[in-house]
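Undergrad:
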Amino acid sequence: PQEVPPPLPPVEGGANARGPFLGRIQAFRQWMHTNFGASGIFILDREGSVIFDESSHGRLHFLARSLAIASRRPGSSAGNVHVKIGAGATLEVIPVDTPYGCLVLGAVVPEALDAGAVATVMDALTRATSPSRAS
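Take a look at the structure:
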């Protein structure tokens, strides 16, 4: 069983010239690395356009978007899907409803995340993408 990770750290104002959204996403990325051993993450919008990609995972974008669409059931929200992509590497695909619409998180992690960890990640990404995040 995986332990529940600590909440996202607060983002210092003005830490990044590209804006507070990117700063919050970078804090989320670091949180994913620290708590889940993610070797890389990317975030796509519902059309599959890249919002954030730390390691040029271009070959995984189409796969992630396809898996996210396939996981949607009529009348319900999409669930997470994972697929082994190499020795010690699993692509975890987590669709998340955010203030910007449904975003698809792709995270390369050592092993599939359990349901509790997925819920924690979904909550953390929702908070990270919220324009005024209260800590």
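Here the sequence shown is numbered in our numbering, starting from 322 and rising by one per residue. No residue lacks a Cβ here, since even glycine has one placed at the ideal position from N, Cα and C.
#1: Going by DSSP, what residue range makes up the beta strand (DSSP E) through residue 374?
#2: I'd like to check one pair, residue 381 with residue 424: are the Cβ atoms closer than 7 angstroms?
#3: I'd like to know if the region 436-444 and the region 370-381 are in contact, where contact means that at least 3 CB-CB pairs between them fall below 8 angstroms.
#4: From what residue to what residue does the beta strand (DSSP E) around residue 412 run?
#5: Who are the Cβ neighbours of residue 421 in its own chain at under 7 angstroms, not counting the five residues just before and after it?
#6: Could you tell me whether the Cβ atoms of residue 374 and residue 363 are closer together than 7 angstroms?
#7: Output the boundary residues of the beta strand (DSSP E) element that contains residue 428.
TA: Considering the structure as presented:
#1: 371-374
#2: no
#3: no
#4: 410-419
#5: 450
#6: yes
#7: 422-430
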